[in-house]
Each structure stands twice: as structure tokens, then as C-alpha cells.
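One structure below.
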Amino acid sequence: MTVFLRAGGQLRAMIKPDVDHYTRKVEIEGGKTIGEILEHISLNPAFVALMYVDGAMKDLSYKPADGETITLQPPVSGG
Amino acid sequence: MPLSRFETERYQRQLMVDGWDQERLKRARVLVAGVGGLGGLSATYLAEAGVGYLRICDSDKVELSNLNRQILYTAADIGKPKAMLAAKRLYAQNPEIEIEAVLDTLTETNAGELASGCDLIVDGLDSHSGRLKLNKASFDLNIPYIYGAIREWMGQLSFFNPPKTACLACLMPGELKIPGPTPVFGALAAAVGSLQATLALKYLMTGEIPAANALLIFRADTIVFEKVTFERRPGCGVCGDAAPPGPRR
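These protein sequence lines are chains A and B, in that order. Residues 0 to 78, numbered by the numbering used here, are exactly what the first sequence covers, in order. Residues 71 to 319, numbered by the numbering used here, are exactly what the second sequence covers, in order.
Written out as C-alpha cells, the structure reads:
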């Protein structure tokens, strides 16, 4: 299946975008969790503070459907 | 606590806003924790709006690198304590309100004391670890907490008040892995601080929780606002089943 990872900030370069400035397309076997998808692209989940799909927060155990976009939010902590 | 003639004139334009309750604002007490980029902005708008009592807490002194975003201070203030300067400037903006300056570092031990007696906590901190301490005090004392944070082109904010909502630790329970100093710029701090002040005013005047269980994310590089929903985490170590005994347990 195909899923899309989208990220900004310090995570953007880490996901190696190839669709547009913020997005990477990932081809992976169906039924994988977000955690497994991150492992597949060699991204340490410790760098991801939050993740969401279609405006709803998810965690590393979520299994995205074919075609879904997972937005990865880096730690945001300044003031 | 009726408004004086002077206050009625001062607040004339906002008194015309549908649903505005100036007398409730006058009775309100708010802790602004940190008066840097975010807190300096939110405190300014809360003061100008006429929130009756502001307790502002910051242990830092003004540094040159603060001046790209911290509008309460000038180059002449470098080396001086932010909380005292902020109190002086906010009072100059609105002498009708009471302002208490606390030159203290927020810790697990004093967070509750700092928030005690307030109706609301507004976050102007610059670290996630500090925010988790504020979140714990918010839960222990049942005082709602308006979270805000910025980095690079991203800003985010939310309103926490368990059990009506989740808490910050439901969403981000641990330390965040953040390399190096935080890249930030003034206009983004102003945008998020202003939104925090707006949420605060709405809550203080109505008791309604705006955007409950939602994280508002502002992507300033593309001028996009996103609203991401979430739920309380039953295993949360602050407001969930895994929490140790405390004042609210």
C-alpha cells in the first residue's frame, strides 16, 4: 500500500520529502503501524512529538489505510 | 464590582462586543507563567482587556537575543529582571488592574503556590519540562491551563482542564527530544500569544471551554491552521488511572 508522511520543522528533512516540500510517499506492505512505517524509513520515533491523520491524533500503534497521509509533528517547545 | 465611569470609557469599544462581560474580567485572576515571547504578548492583551489581577512569574533577565520577539523590553533593559519590567510596563498600559511580579523559577515544589488563588493559568514558558510542571499544578488545583508553544514556523496551543478535557500529559507525557536552541521569531510568538489571550478572555467571561480536546496548530510558513482532536488517556500519569495520590485524588 501507499501512505504519505508529512512533516515540518526539524522533521521535514528527516523524512526526506519526495512529493513536495513537506511530503514523502512510502510504499509498504499493508497492515503496518505508524511505528513500523517510521522504522521502515529509519526515522527514530523519539524525534516525533505527535502524529495525526485527518485531524485526529494517533499513536505509533495506528495502522493507516492505503492512501492516508500521516502528519508528524516535531517537538515544539519554545516561547 | 461595577465599572467606574473611567473604565466604561476605557473599555467602550470592547463593551460593544457581543457577549462581552467586563465585570467578570475585572474579578478574574490569572497567572501568566513566563513573560517572554508568548507570555509578554498574552499578558499585554489580558492587561489591556482589563483582567483584574495578573500574577506574572519569570526568573530570567533580559538578554539581547530576546529582543527579536519579546516586545515588552528594549535594549536599555538588558540585564534587568523581566518580571519587574513587565509588571511596570503592563501597569503603565492599564493602571486600573492589579499586577503581581514574581521573580522565581517555576519548579514542581512552587508551581502550585504560584497558581494558587488564580482562575486560569496562561503558559508563557519556553520548555516542555516547565509546561509539564504547570500542567500538574493545573490538575492538582483544578485551575484551567492554556498551553502554547512555538518553534520555527510552527505554533500550537490548547486548553486543558481535566476531567472536562485531557491534560498536557495525556498528549505529550515525557520530555521532548529537541536538538539545540529553539529557533523562533517574533511575529509567530505574537500570533500564538494573542490566540492564547483570546482563549483566556473567552473562558474568563463565559466559563466555556473553547476548542476542548483539540490542539490548534498554526503553520506560519503556509498560513494554515489545523485543529487536531484528541481524547483523555486513561493511563495518564497526571489525570488518569496511573496518577499517584494527590490533592484531587
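Built from N, CA and C at the ideal position, the CB exists for glycine as well. Please read all numbers here as calculations on a predicted model, not as lab measurements.
query                                                                                                                                                                    : result
For Q82(B), count neighbouring C-beta atoms within 10 Å of its own C-beta (all shown protein chains included) and say buried if the count is 16 or more, exposed if not. : exposed
Chain A beta carbons: is any one of them nearer than 8 Å to that of A98(B)?                                                                                              : no
With DSSP run on the structure shown, which of helix, strand or coil describes I248(B)?                                                                                  : coil
Is the Cβ-Cβ distance between V298(B) and Y51(A) less than 8 Å?                                                                                                          : yes
Anything in chain A within Cβ reach of S208(B), meaning under 8 Å, just list it in chain order.                                                                          : None at all; the shortest Cβ gap to chain A is about 17 Å.
Given this structure, state the Cα-to-Cα distance separating A153(B) from L173(B), to the nearest angstrom.                                                              : 6 Å
Give a yes or no on whether the minimum CB-CB distance between A48(A) and chain B is below 8 Å.                                                                          : yes
Between the segment 227-234 of chain B and the segment 144-151 of chain B, do three or more beta carbon pairs fall short of 8 Å?                                         : no
Which runs of the beta strand (DSSP E), 3 residues or longer, sit entirely within the segment 269-295 of chain B?                                                        : 284-289
Return no unless some Cβ of chain B is closer than 8 Å to the Cβ of Y81(A).                                                                                              : Within the shown structure, residues of chain A are numbered from 0 to 78, placing residue 81(A) beyond reach of any answer.
Taking 8 Å as the CB-CB limit, is F300(B) close to chain A?                                                                                                              : yes
When the Cα atoms are used, what is the spatial distance from D17(A) to K24(A)?                                                                                          : 7 Å
Distance, Cα to Cα, P233(B) vs D147(B)?                                                                                                                                  : 42 Å
What residues from chain D crowd round P16(A), counting only those whose CB sits closer than 7 Å?                                                                        : Looking for chain D here will not work: the only protein chains present are A and B.
Run through DSSP, which three-state label would K297(B) get?                                                                                                             : strand
Among residues of its own chain, excluding the 5 on either side of A171(B), which ones have a beta-carbon nearer than 6 Å to its beta-carbon?                            : I126, A153, M154, A157
Identify which residue in A48(A), A64(A), M0(A) has its Cα closest to the Cα of C240(B).                                                                                 : A48(A)
Quick check: the Cα distance between Y273(B) and V2(A), rounded to an integer number of angstroms?                                                                       : 39 Å
In chain order, which alpha helix (DSSP H) runs of at least 4 residues are fully inside the segment 184-271 of chain B?                                                  : 198-211, 238-241
Output, in sequence order along the chain, the residues in the segment 194-224 of chain B whose CB is closer than 8 Å to any CB in chain A.                              : G194, L195, D196, S197, H198, R201, G218, A219, I220, R221, E222, W223, M224
Within this structure, are the beta carbons of I213(B) and L246(B) separated by less than 8 Å?                                                                           : no
List in chain order: all unbroken beta strand (DSSP E) runs of 3+ residues lying wholly within the segment 78-114 of chain B.                                            : 99-103
Three-state secondary structure (DSSP) at S23(A)?                                                                                                                        : Here residue 23(A) turns out to be Arg, not Ser, going by the sequence shown. R23(A) falls in the strand class under three-state DSSP.
How about G256(B) and L195(B): do their beta carbons lie closer than 8 Å?                                                                                                : no
What residues in the segment 250-283 of chain B bring their beta carbon closer than 8 Å to a beta carbon of chain A?                                                     : T252, P253, V254, A259
Where does K15(A) land, buried or exposed, given buried means 16+ other C-beta within 10 angstroms?                                                                      : exposed
Give the secondary structure of G54(A) by DSSP, where H, G and I count as helix, E and B as strand, and everything else as coil.                                         : coil
For the segment 138-171 of chain B, which residues have a beta carbon sitting closer than 8 Å to at least one beta carbon of chain A?                                    : none
Using C-beta distances below 6 Å, list every residue in its chain close to K206(B), excluding the 5 sequence neighbours before and after it, in chain order.             : V308
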